[in-house]
Amino acid sequence: MSALALSGASVDGPLYRHVTDLARESPVFLDRVVTDWSTYGLALFAMLMPIVWWTARGRDAAVMARALAAPAIVALAYLLDTGLKSMFAERRPCRTMTGTFTLEACPGPHDWSFPSNHAVVAAAAATALWLVDRRIGALAAVAALAMAASRVWVGVHYPHDVAAGLLIGVLVAWPLSRAAGRAAPYVDRLRHSRWRACVATR
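Heads up, the sequence shown is in our numbering, so the first residue is 3 and it goes up one at a time.
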């Protein structure tokens, strides 16, 4: 285990237990909705990517450059988070805290908890989307918060795991998305090439 191994229970273990106790006492229907969102919700962000690309075709070149860069930026955020997980090596709360209630099977012993991959990906995607289309980005931001909360509700993350994940996602995606706008001259070239239909409306 890494020398930086983090003991998550000492950070906000009581809050984690409070949330999972709420999940235990909640209606089955609510738990099912949260579990399904936790499992499949990232697909929403993937579906929003081509939508903002399509709408960016009629906007300036810098916006289109950000739209094209968005998937790569999210991938980079995920890779960074994977490295951080290995560095901190925080065990999942469902493996360190006895008697906890979980709605999902607890991940394996070397599937580290901090920071939350789901929260990082959701926040990075929401940030990248917001810098292309504010309305879609606002929807994605709400979805990212819901994703982060769901990971605690189902019992596989501490609250600080998802809070850090959201912050990391924003801190990675914001500067990279802004920098991607500098590729506007390349988009302008594409708009005068055979690839015009991919980056312009006419």
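All C-beta atoms in this analysis are idealised placements derived from N, C-alpha and C, irrespective of residue type, glycine included.
As the structure is a prediction and not an experimental result, all values here were calculated from the model.
Under the criterion of beta carbons closer than 8 Å, residue 95 and residue 160 qualify as touching, at roughly 5 Å. Taking the Cα of residue 124 as reference, the smallest distance to any Cα among 44, 73 and 174 is reached at 44. Nearest to residue 177 by C-alpha distance, out of 192, 191, 190 and 130, is 130. The C-alpha of residue 158 lies about 36 Å from the C-alpha of residue 65.
CA-CA distance, residue 169 to residue 47, rounds to 17 Å. A residue is called buried once 16 or more other Cβ atoms fall within 10 Å of its Cβ, and residue 101, having fewer, is exposed.
Shown here, residue 18 sits in a helix according to DSSP, grouped into three states.
At a Cβ-Cβ threshold of 8 Å, residue 30 and residue 156 do not count as neighbours.
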